Amino acid sequence: MKLWLYIIRRILLIIPTLIGLTIIVFILIHVRGNNLIIAEYLNPHLTGAARDYAIQQLYQRFHLNDPLFIQYFYWLYQVINGDLGLTRTPIYSGPVNTALALFYPNTIMLALVSSILIWIIGIPIGVWSAVKRDSVFDQSTRVATFTLYAMPAYMVYLLVLIIFAVYLKWFPISGAVDPLLLQGVSWYVNGISYPTHIIFIDALLHGDINIALNSIWHFILPSLGIALGGVAGIIRLLRSSMLEVLDQDYIRMARSKGISESEVINIHARRNALIPAVTSFVYGVAGLLGGVVVAEVIFNIPGVGYWTVQALLNNDAGGILGSTLIFGIILVTASLILDIIYAALDPRVRY
Amino acid sequence: MSKNIGLIGRRNYLLKQNPRIEELKISFKIFFTNPTAVAGFVITLLYFIDIILVQFFPSFIGISDPNRYIYNFNNPVPLPPSSSHWCGTTAGGIDLCDAIIKSIRIDLIYSLFIVIVGAIIGLLLGLVSGYLGGIFDEILMRITDIFFSIPYLVLAIAILFVLGVSLENIAFSLIIVWWPLYARYARAQTLSIKQMTFIESAKASGTRDLMIMFKHIVPNVLPPIFVQISLDLGTVVGVFATLAFIGFSPTANIPELGYLTSLGLNYISIAPWSVIIPGLVITVFALAVNLMGDGLRDVIDPKRRSV
Numbered sequence: 017m018k019l020w021l022y023i024i025r026r027i028l029l030i031i032p033t034l035i036g037l038t039i040i041v042f043i044l045i046h047v048r049g050n051n052l053i054i055a056e057y058l059n060p061h062l063t064g065a066a067r068d069y070a071i072q073q074l075y076q077r078f079h080l081n082d083p084l085f086i087q088y089f090y091w092l093y094q095v096i097n098g099d100l101g102l103t104r105t106p107i108y109s110g111p112v113n114t115a116l117a118l119f120y121p122n123t124i125m126l127a128l129v130s131s132i133l134i135w136i137i138g139i140p141i142g143v144w145s146a147v148k149r150d151s152v153f154d155q156s157t158r159v160a161t162f163t164l165y166a167m168p169a170y171m172v173y174l175l176v177l178i179i180f181a182v183y184l185k186w187f188p189i190s191g192a193v194d195p196l197l198l199q200g201v202s203w204y205v206n207g208i209s210y211p212t213h214i215i216f217i218d219a220l221l222h223g224d225i226n227i228a229l230n231s232i233w234h235f236i237l238p239s240l241g242i243a244l245g246g247v248a249g250i251i252r253l254l255r256s257s258m259l260e261v262l263d264q265d266y267i268r269m270a271r272s273k274g275i276s277e278s279e280v281i282n283i284h285a286r287r288n289a290l291i292p293a294v295t296s297f298v299y300g301v302a303g304l305l306g307g308v309v310v311a312e313v314i315f316n317i318p319g320v321g322y323w324t325v326q327a328l329l330n331n332d333a334g335g336i337l338g339s340t341l342i343f344g345i346i347l348v349t350a351s352l353i354l355d356i357i358y359a360a361l362d363p364r365v366r367y
Numbered sequence: 033m034s035k036n037i038g039l040i041g042r043r044n045y046l047l048k049q050n051p052r053i054e055e056l057k058i059s060f061k062i063f064f065t066n067p068t069a070v071a072g073f074v075i076t077l078l079y080f081i082d083i084i085l086v087q088f089f090p091s092f093i094g095i096s097d098p099n100r101y102i103y104n105f106n107n108p109v110p111l112p113p114s115s116s117h118w119c120g121t122t123a124g125g126i127d128l129c130d131a132i133i134k135s136i137r138i139d140l141i142y143s144l145f146i147v148i149v150g151a152i153i154g155l156l157l158g159l160v161s162g163y164l165g166g167i168f169d170e171i172l173m174r175i176t177d178i179f180f181s182i183p184y185l186v187l188a189i190a191i192l193f194v195l196g197v198s199l200e201n202i203a204f205s206l207i208i209v210w211w212p213l214y215a216r217y218a219r220a221q222t223l224s225i226k227q228m229t230f231i232e233s234a235k236a237s238g239t240r241d242l243m244i245m246f247k248h249i250v251p252n253v254l255p256p257i258f259v260q261i262s263l264d265l266g267t268v269v270g271v272f273a274t275l276a277f278i279g280f281s282p283t284a285n286i287p288e289l290g291y292l293t294s295l296g297l298n299y300i301s302i303a304p305w306s307v308i309i310p311g312l313v314i315t316v317f318a319l320a321v322n323l324m325g326d327g328l329r330d331v332i333d334p335k336r337r338s339v
């Protein structure tokens with residue numbers, strides 16, 4: 017099968033998953049009854065007959081008197097047209113769409129930087145501990161990955177915070193960017209940066225290197241925490257798959273031809289050992305995004321996860337709807353991209 | 033002399049009659065000659081002894097109120113570890129050692145509940161779907177796909193939004209998040225066992241499907257599920273504490289490790305011990321059950337046996 021044909025088939029396959037995702041989100045926000053949805057829209061100053069009338073209007077507007085599965089289709093139509101409702105949390109209240117534009121860039125940024133860090137940290141350590149099998153380095157790596165694997169996620173972030181921000185003072189303790197730098201910046205209005213909403217990219221687009229560097233500076237520590245929480249699995253897997261590859265005939269063949277050891281490892285062995293690590297990373301992404309939620313809470317970064325927790329604590333249906341939907345879409349997209357990378361690396365999976 | 037021969041002969045006869053007892057002896061031997069597995073087992077045992085002591089003999093270890101923290105507002109700022117407070121205190125003057133000993137009970141009992149109920153639900157559904165196959169199997173797999181399409185922590189938070197935040201509901205939400213994993217695992221195991229000849233012969237001799245599933249397949253699926261439970265327990269304790277850490281309001285007065293950690297969060301720069309010590313307690317437990325699970329996996333997997 018050609019790669020593009022595989023990609024099209026894979027994209028078609030996520031449609032049922034997305035439909036299932038919307039069903040789950042719909043059930044989650046409607047199972048507590050209509051009161052929460054009405055509470056988001058109702059003007060709190062209305063009383064008596066005016067209030068009853070407003071409630072009736074809302075019932076009609078959202079078809080709340082229809083059976084649930086008919087409501088679902090009305091709701092889906094509304095969602096596809098880009099209307100996700102309203103949210104009321106202490107950090108933001110207004111349309112869910114605007115809230116997403118406000119929050120998702122930080123989350124994407126955090127997820128991207130931490131996955132890059134996972135590979136930067138994971139590949140050399142995993143490969144080396146396989147090459148230097150049973151050495152002191154390998155043994156200490158095994159102990160470290162075992163401990164990191166067992167540690168609850170928030171503990172890893174807190175340790176990173178205590179070591180690098182509290183004691184060493186290398187990085188800022190919390191926040192997404194230094195607010196003092198953003199004062200009077202023309203492309204940053206009401207907490208949203210334009211045009212892409214991602215401060216780092218916007219700053220680069222406007223040639224403001226200082227702000228771009230500052231935002232990276234703030235993201236390193238939380239990303240490092242998330243990466244350390246997720247890297248243990250990759251290192252373990254890479255080590256075992258590297259050991260397997262190094263035992264193959266073609267590696268022995270390469271060695272017997274007199275190719276230098278570094279060439280054998282870097283060119284012949286490592287690429288093949290990476291394939292299983294890429295597949296397992298598909299499952300790692302879910303854990304990584306969960307880690308993003310906790311990291312945002314601990315490091316005070318206004319992202320989707322922080323908003324989710326605020327929505328949970330303030331009984332806000334809009335926040336839960338927006339965040340579950342956006343996290344689901346991020347996860348489905350990430351696994352799609354990883355599957356395509358996997359297919360490009362290993363032609364056998366296309367069949 | 034003849035008596036001796038008789039005894040040995042009788043023992044050999046019994047062993048032939050009871051391969052399960054012999055198997056169990058070998059299993060114990062494999063498990064208890066693995067030092068890391070034994071260490072994990074001993075540490076896990078210590079945690080469970082703590083639960084029993086707090087539950088049934090609280091006064092024996094000097095605990096007055098096992099269900100509540102004891103606030104001591106004479107010293108609201110966290111104090112470092114000293115001879116009167118071995119682990120130091122946290123905000124509100126709560127003695128950390130006392131609080132941790134109480135908290136372990138709640139964390140562990142809820143986590144055990146989550147993995148066991150999740151495993152039972154997953155086992156039953158995975159078993160039936162793997163054995164019957166067809167449309168039921170397809171539907172179940174699509175449902176688990178959907179569950180895996182939302183990050184589990186976010187899904188758990190969304191379910192908590194529906195149920196309301198409390199320790200029981202954290203447990204329920206984690207069961208809902210966790211069963212698909214066990215369902216997939218049990219299904220994969222069932223599929224591989226279904227192919228074996230002894231199932232075919234059971235079918236050929238007219239055994240009913242229900243009988244085959246519960247008499248022949250379940251005993252073979254259970255050991256790997258059991259290992260999975262022991263490996264998962266560490267993760268679940270962590271996730272449970274994480275949810276309590278981010279979701280609980282500071283007015284709650286329930287001894288729970290994640291909540292206890294969150295009490296120290298505002299004092300992290302002046303009193304790091306109030307955050308590190310409760311976190312280490314969970315980490316040590318998670319390490320111990322992981323080591324124990326690795327040891328158990330060596331026991332049930334003949335390929336990894338070295339005896």
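In order, the protein sequence lines correspond to chains A and B. Letter by letter, the first sequence follows residues 17 to 367 in my numbering. Letter by letter, the second sequence follows residues 33 to 339 in my numbering. Every residue, glycine too, gets a C-beta built ideally from N, C-alpha and C. The structure displayed is predicted, hence computed values, not measured ones.
Span of the alpha helix (DSSP H) around Thr293 of chain B | Leu289 to Leu295
Per the contact definition of three or more C-beta pairs closer than 8 Å, is the stretch 248-264 of chain A in contact with the stretch 128-141 of chain A?
-> yes
Rounded straight-line distance, which links the Cα of Leu44 of chain A to that of Pro110 of chain B = 40 Å
According to DSSP, is Pro110 of chain B helix, strand or coil?
-> coil
Contacts of Pro112 of chain B in chain A (Cβ-Cβ under 9 Å) = Within 9 Å Cβ-Cβ: nothing; Pro112 of chain B doesn't reach chain A, min ~15 Å.
Neighbourhood of Leu192 of chain B by C-beta, 8 Å cutoff - its chain only, sequence neighbours within 5 removed | Asn201, Ile202, Ser205, Leu275 and Gly279
Could you tell me whether the Cβ of Gly266 of chain B comes closer than 8 Å to any Cβ of chain A?
-> yes
Residue environment, Asp355 of chain A, which counts as buried when at least 16 other CB atoms sit within 10 Å = buried
Are any of the Cβ atoms in chain B nearer than 8 Å to that of Arg77 of chain A?
-> no
Please state whether DSSP places Gly120 of chain B in a helix, a strand or coil.
-> coil
Local conformation of Thr229 of chain B per DSSP, three classes | helix
Residue-chain proximity (Tyr170 of chain A, chain B), Cβ-Cβ < 8 Å = yes
Runs of alpha helix (DSSP H) lying entirely within the stretch 44-72 of chain A, each at least 4 residues, in chain order | 51-57
Close beta carbons around Leu80 of chain A, own chain, < 6 Å, minus the five adjacent residues each side = Asn50
Would you please verify whether the beta carbon of Thr163 of chain A is less than 8 Å from any beta carbon of chain B?
-> yes
Residue-chain proximity (Gly327 of chain B, chain A), Cβ-Cβ < 8 Å | no
Neighbourhood of Met245 of chain B by C-beta distance below 7 Å, restricted to the same chain and skipping five residues each side = Leu159 and Tyr163
Is the Cβ-Cβ distance between Thr176 of chain B and Arg216 of chain B less than 8 Å?
-> yes
For Leu199 of chain B and chain A, any beta-carbon pair shorter than 8 Å?
-> no
Near Ala117 of chain A, what residues of its chain come up, given a Cβ to Cβ distance below 8 Å and the 5 sequence neighbours on each side ignored?
-> Ile208 and His213
I think Ser257 of chain A touches Ala293 of chain A, with their Cβ atoms under 8 Å apart; what is that distance to the nearest whole Å?
-> 7 Å
Which same chain residues, not among the five before or five after Arg158 of chain A, have their C-beta less than 7 Å away from its C-beta?
-> none
As assigned by DSSP and simplified to three states, the class of Tyr22 of chain A = helix
Does the distance from the C-beta atom of Gly307 of chain A to that of Gly246 of chain A stay below 8 Å?
-> yes
Look at the alpha carbon of Ser239 of chain A and the alpha carbon of Asp218 of chain A, and state the distance between them as a whole number of angstroms.
-> 20 Å
When burial is assigned at 16 or more other CB atoms within 10 Å of the CB, is Arg364 of chain A buried or exposed?
-> exposed
Exposed or buried, what is Val47 of chain A when buried is set at 16 or more other beta-carbons lying within 10 Å of its beta-carbon?
-> exposed
Are at least three pairs of beta-carbons, each pair with one atom in the stretch 284-302 of chain B and one in the stretch 225-238 of chain B, less than 8 Å apart?
-> no
Enumerate, from N- to C-terminal direction, the unbroken beta strand (DSSP E) stretches of 3 or more residues contained entirely within the stretch 97-180 of chain A.
-> 102-104 and 109-111
In the DSSP assignment, find the alpha helix (DSSP H) that holds Pro238 of chain A and state where it starts and stops.
-> Ile225 to Leu262
Who pairs with Ser209 of chain A in a beta bridge, going by DSSP?
-> A:Tyr204
Through-space distance from Thr295 of chain A to Ile353 of chain A, alpha-carbon basis = 11 Å
Establish whether the CB of Ser181 of chain B and some CB of chain E are separated by less than 8 Å.
-> Chain labels in this structure do not include chain E; the protein chains are A and B.
Name the chain A residues that come within less than 8 Å of Thr274 of chain B, Cβ to Cβ?
-> Pro168, Ala169, Tyr170 and Val310
Range covered by the alpha helix (DSSP H) that runs through Gly306 of chain A = Arg286 to Phe315
Grab the span of the alpha helix (DSSP H) containing Arg52 of chain B for me, first residue to last.
-> Pro51 to Phe64
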